[in-house]
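Only one structure is covered here, and it is reproduced in the block below.
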Ligand code: AMP
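In structure tokens form, the structure reads like this:
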């Protein structure tokens, strides 16, 4: 079905054409007509499926057609909430692209950067606001963002929002919004918590579902069973010998990302790290450098997994598997986007076999295992030495304190 048949305005069709899109992706074909009819939607779609245009295009269409006089005053009529700054920036970029022939203004607000330029933009007036929850509430509390005229509310990547502990902020935002509005909720997964949240604010939603929890068919996946100590060497070899132009590499920890970045650099491979401990300026710079092709390897923790939208990214490497199986799907969704093909490689050490099983269970298939000569896994090198019984008994008094789970901060950190 061509875009023309969806009933979008000429201005939007022109922007779509200029983007080089010829046919709607499945989520767009399903979501656009439903949103145009004014329904709330509950959509199961991960990034890489074209979901941003799936909600942006019909929303822009409706804003253009209904109450065009409101656009003259540039009051906030649409609010898009995202969990991460990167995703917020990306969604805002898409709105600018798709809405370039419309007289609507949009802006993006998120934490980690100065608030004053954001206040200045809001003061000039915007029709569409993209935001992360923390900064949004800050602006609302300061009286700088008026949400009382919102007609469209989009909750993007709702599952990640909950993972990041944003539920209370979401509820606060919902209280401020006018009762009469159209709600669009996107989530890659549907836990009981998401269903509860959805039933609390969606009105007779239409379900739109595209390949939930399924990895993209465009992405070929492979596992390299390997010793932990050999991962770095194999990665450098793959990058150099494969003549990879660009690769996104995922590590489990921020510290691990920094360490691997340094190691790759010392192997003569240009690399940058992106994670939650980096300043927003550093994150934006690394991302821009990677998108521009100046940085060959971007080493990221899962914070970057969902938001990143890089054209033609052919390789994603899981240097370490994520603890949560769904994150694997999000990570590898960074490649093979919108019709392109991609390769997702996972370096899996002995201690990660359980995580791999969990991932294979989730995606309902076995990922092919390939052993590279010279990098074979030796079980002995990976298994922890058996502990002697006396060692277990001789515990320092404060060692127990350290292992008290209540003392550990297990909450996912909130970044906004
Ligand atoms: P998203 O899932 O919204 O992050 O979009 C993933 C990628 O698909 C982005 O790079 C979009 O520019 C691209 N895209 C979205 N819709 C289409 C389409 N209909 N045809 C081709 N590419 C698209």
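In the numbering used here, the protein residues as written are 16 to 431.
All C-beta atoms in this analysis are idealised placements derived from N, C-alpha and C, irrespective of residue type, glycine included.
Residue 191 sits close to residue 155, with the two beta carbons spaced by under 8 Å.
Here residue 102 is actually not in contact with residue 122; their C-beta atoms are around 15 Å apart, not less than 8 Å. In the pairwise beta carbon analysis, the segment 333 to 352 is classified as touching the segment 200 to 217: at least three pairs are separated by under 8 Å.
Leaving aside the five residues that flank residue 298 on each side, the residues in its chain whose CB is nearer than 6 Å to its CB run, in chain order, 289.
Around the Cβ of residue 93, a 10 Å sphere holds 16 or more other Cβ atoms; the residue is buried.
In this structure the segment 119 to 133 touches the segment 148 to 164; the number of beta carbon pairs closer than 8 Å is three or more.
Taking the Cα of residue 366 as reference, the smallest distance to any Cα among 378, 106, 39, 244 is reached at 244.
Here residue 16 is near residue 44, since their CB atoms are less than 8 Å apart. Under the DSSP assignment, residue 162 falls outside any alpha helix (DSSP H); it carries neither an H nor an E label. The residue among 177, 257, 143, 369 with its C-alpha nearest the C-alpha of residue 161 is 143. Per DSSP, the beta-bridge partners of residue 59 are 202, 224. Going by C-alpha positions, residue 360 is about 21 Å away from residue 302. Here residue 78 really is in contact with residue 119; their C-beta atoms are around 6 Å apart, less than 8 Å. Between residue 207 and residue 177, the CB-CB gap reaches or exceeds 8 Å.
Residue 260 counts as exposed, since fewer than 16 other beta carbons sit within 10 angstroms of its beta carbon.
Residue 265 has 315, 333 as its beta-bridge partners, per DSSP.
For residue 362, the enclosing beta strand (DSSP E) stretches over residues 357 to 363. Residue state for residue 170 is assigned as strand, using DSSP reduced to three classes. The continuous beta strand (DSSP E) containing residue 94 extends over residues 93 to 96.
The three-state reading of DSSP puts residue 385 in coil, since its state is none of H, G, I, E or B. Not one heavy atom of ligand 1 lies closer than 7 Å to the C-beta of residue 115.
By alpha-carbon distance to residue 378, the top candidate from 358, 357, 340 is 340.
Residue side-chain check: residue 68 places its Cβ nearer than 7 Å to a non-hydrogen atom of ligand 1. If the five residues before and after residue 295 are omitted, its C-beta is found closer than 7 Å to the C-beta atoms of 100, 127, 128, all from its own chain and listed in chain order. Under the three-state reduction of DSSP, residue 294 is assigned to coil, being neither helix nor strand. By DSSP's assignment, residue 143 forms a beta bridge with 93, 121.
Ranking 279, 84, 225, 238 by CA distance to the CA of residue 392 puts 238 first. In the DSSP assignment, residue 237 is bridged to 360. In the same chain as residue 116, and ignoring 5 residues on each side of it, the C-beta atoms closer than 7 Å to its own belong to 26, 29, 30, in chain order. Under DSSP, residue 288 shares a beta bridge with 314. In the three-state DSSP reduction, residue 260 falls in the coil class, being neither helix nor strand. No Cβ-Cβ contact shorter than 8 Å links residue 263 with residue 189.
Residue 197 has 167 as its beta-bridge partners, per DSSP.
For the pair of segments examined, the segment 53 to 65 was found to touch the segment 206 to 225: the number of CB pairs separated by less than 8 Å reaches three. DSSP places residue 391 outside both helix and strand once states are collapsed to three, so it counts as coil. The three-state reading of DSSP puts residue 342 in helix, counting H, G and I together.
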